[in-house]
Amino acid sequence: MTEERALNFIEEIVENDLQTGKNNGRVHTRFPPEPNGYLHIGHAKSICLNFGLAQRYNGKTNLRFDDTNPVTEDTEYVESIKEDVRWLGFEWANELYASDYFDVLYAFALNLVKQGLAYVDDSTPEEIAAQKGTPTEPGTPNQYRSRSIEENVQLFEEMKAGKYPDGAKVLRAKVDLASPNMHLRDPLMYRIRHAHHHRTGDKWCIYPMYDFAHGQSDAIEEITHSICTLEFIPHRPLYEWFIDKLEIFPSRQYEFARLNLTYTVMSKRKLLQLVNEGHVEDWDDPRMPTISGLRRRGYTPASIREFCERIGVAKRENLIDVGLLEFCIREDLNKTAWRRMVVLDPIKLIITNYPEGQTETLHGENNPEVEGGEGGRDIPFSNELYIEREDFMEVPPKKFFRLGVGLMVRLKHAYIVKCESFVKDADGNVTEVHCTYIPESKSGNDTSGINVKGTIHWVSVPGAKTAEVRLYDRLFKSENPAAEEGDFKDDLNPNSLQIINAFVEPDLAEALPGKGYQFIRKGYFTLDKLSTDEKLVFNRTVTLKDGWVKK
RNA sequence: UGUCCGAUAGUAUAAAGGUAGUACGACGGUUUUUGGUACCGUUUGUCUUGGUUCGAAUCCAGGUCGGACAACCA
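Going by our numbering, the first sequence runs without a break in its numbering and finishes at 582.
Structure representation (structure tokens):
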């Protein structure tokens, strides 16, 4: 059951269509990526919108690859896109390709040529651009615009037959060279490209442009609501012009504002640059805003869907605080992640009154958020432990609820200890903290009557395992790197990745791939794909919210 | 000096002429064997100038600001 929420403007349109009986009450959307890159969180917004609409109104959603440009596209991307959509939790009604429609599209084009609404133009790209005029000046027709229908039919057939080299000719719609909308100034429909297509092979040497493929594909599939981003608004009159002249199914286009996130970039071009120039490991680098990156980082599908739900859908430009995404993953993982103890930056804690060589096995629940704790695990304990360096201070300030000489804390799942002294090395760094423990304060049956403010995590030196832990920070230094002057890469955060070695409790050797773990007091982590039995590697998904501010 | 889209707390997003609300954030508190979680509280907003109206975030007009559009990309 979804929570009560105000409708967004697209849902209002759909409900209105449903009420007026449009499309016989049918709702059919599509998610139409071009297979030339990996999906990112911005696509997730579109996926949640399109699939969510169909779910809500009992409709269907097609997955359609907009593969009309053979030189940039590849099956590698097709596969990753399918994987990502499925991972997000959606199932498409049909897997379709614009390239499946090349024959129909060609027939549509011939139809327009025969109506005198399209013509073959021999001009160079530069000439065409010049003849289009400017936003304030109308375009000017050239001699090709008045070619006869017969000549156009023959030329277009010859284009298809491969008689001309790349760039020699294009097919253009004859709309209005004086339109204030630049997209109506005789837009290109087909260009010549003697290139191998990942699906149609070498069958074609002419390929339709976006404007003569997308809307037509929508019509062929009888898409009722074709949802795209704001930059396509000027294309809509052309979208409708083709539907009108071709007398095909009247799909309608609606536009919403794309997602922007603070401290990252969202354009495929920029993400590709980060990969190609080695600023990140790959498309699935955990710092990337790609779906595969977020997955590797430890984000769950539910958290991303929740995020998309919370950001809403509107037409105004936006820049969402990445803190909201972090809130969503914390909210999810808090309920599902198993708690474990890991020391990231160790110093030793010696319990002077606990017999050297003695060990005992303590118990810790897996998840305190769930009734019964979801079971638990054994934790070895001894007189020699690792604790976090930041949990001890030589000169503790007021309200420092951790260790300092004379202060007491509880060791999570274990005993209360009192700090008696500490040891420094030659450089003045603290290396050991010496404590005494209170035997009757054992977790679970504490009869000591002592209350302490702080509880800290620890790992027993005997039994401790090591792991590589990768700590991530924002990829860019400024909130909106795309808006910065100059090269956006100058804004890259040089400290976005920190790799450390940590001591982890032994149970973590059994960590499951894909599962979220909370390293108590430190954050949420998950096994990286590079992790092996010999060498554990964890990614930090997100830190815990930290209410402690040093004065 | 064109056409189109937009403007509500710090960030997002509601209110369809009738109480400006919600979430995240921030701040404060309660609980707590995670300075987490949970719970409670506080905080800040309708771009501007006019008009219509008993009443305007909402309708109208002008202005301001932001964005998109002149790829053989999508």
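Using N, Cα and C, we set each Cβ at its ideal position, and we do this for glycine too.
Could you have a look at residue i and say whether DSSP puts it in helix, strand or coil?
| i | result |
| --- | --- |
| A161 | helix |
| V580 | coil |
| T331 | coil |
| M32 | Reliability of the predicted coordinates at M32 is poor, the pLDDT of 33 falling under 50, and no value is obtained from them. |
| P590 | Residue 590 cannot be examined here, being either before or after the span of the chain that is shown, 32 to 582. |
| P411 | strand |
| R216 | coil |
| Y270 | helix |
| Q146 | coil |
| E340 | helix |
| M190 | helix |
| R222 | strand |
| F507 | strand |
| E42 | helix |
| Y69 | coil |
| K455 | strand |
| D152 | strand |
| F96 | strand |
| I279 | coil |
When DSSP builds the beta bridges, which residues end up paired with residue i?
| i | result |
| --- | --- |
| F423 | L434 |
| W369 | Y548 |
| C359 | According to DSSP, which records beta bridges pairwise, C359 is partnered with nothing at all. |
| C466 | I382, C450 |
| N570 | R501, T557 |
| G395 | R408 |
| V535 | V373, K496 |
| H59 | K91 |
| V440 | V448 |
Cα separation between residue i and residue j?
| i | j | result |
| --- | --- | --- |
| W369 | Q86 | 32 Å |
| E348 | P377 | 46 Å |
| L141 | F187 | 8 Å |
| Y270 | D316 | 38 Å |
| D105 | E126 | 16 Å |
| I351 | R300 | 20 Å |
| H394 | C79 | 41 Å |
| I481 | L375 | 29 Å |
| H59 | N47 | 15 Å |
| I360 | Y150 | 54 Å |
| S479 | V500 | 37 Å |
| M213 | F550 | 56 Å |
| E405 | P493 | 27 Å |
| T367 | E253 | 41 Å |
| A533 | P386 | 26 Å |
| G517 | E510 | 15 Å |
| I44 | W118 | 29 Å |
| K582 | L355 | Here K582 scores only 46 on pLDDT, less than 50, and its place in the model should not be relied on; the value that follows carries that caveat. About 26 Å. |
| F569 | V440 | 28 Å |
| T167 | L208 | 12 Å |
| M32 | F133 | Because the pLDDT at M32 is just 33, under 50, the model does not fix this residue reliably, and the value given afterwards should be weighed accordingly. Cα to Cα, M32 sits roughly 42 Å from F133. |
| E34 | F139 | Unreliable positioning characterises E34 in this predicted model, as indicated by a pLDDT of 46, which lies under 50. The coordinate reading is nonetheless provided below. Spanning the two alpha carbons is a distance of roughly 45 Å. |
| V373 | E536 | 6 Å |
| L606 | A495 | Because the chain is modelled from 32 through 582, residue 606 falls outside the range shown and cannot be assessed. |
| S29 | I531 | No information on residue 29 is available, as it lies outside the stretch 32 to 582 that the chain covers here. |
Measuring CB to CB, does residue i end up less than 8 Å from residue j?
| i | j | result |
| --- | --- | --- |
| C450 | V461 | no |
| V344 | F287 | yes |
| D363 | S323 | no |
| R318 | K560 | no |
| W123 | T92 | yes |
| V580 | Y555 | no |
| K200 | M190 | yes |
| D422 | L434 | yes |
| I382 | K443 | no |
| V109 | P63 | no |
| S130 | H228 | yes |
If I follow the unbroken beta strand (DSSP E) through residue i, where does it start and stop?
| i | result |
| --- | --- |
| I254 | Unbroken run through I254: none, as it is neither H nor E. |
| L202 | 201 to 204 |
| S586 | The question about residue 586 has no answer, for the chain in this structure spans 32 to 582. |
| E126 | 125 to 128 |
| I237 | 237 to 239 |
Which residue comes first and which comes last in the alpha helix (DSSP H) that contains residue i?
| i | result |
| --- | --- |
| N81 | 72 to 87 |
| M297 | Per DSSP, M297 belongs to no alpha helix (DSSP H) and is neither H nor E. |
| Q174 | Here Q174 belongs to no alpha helix (DSSP H), and DSSP marks it neither H nor E. |
| E286 | Not the alpha helix (DSSP H): E286 falls in the beta strand (DSSP E), residues 283 to 287. |
| Y108 | 106 to 118 |
Consider the C-beta atom of residue i and the heavy atoms of the ligand MN; say whether any pair is separated by less than 7 Å.
| i | result |
| --- | --- |
| R230 | Although the ligand MN was asked about, the structure shown includes no ligands whatsoever. |
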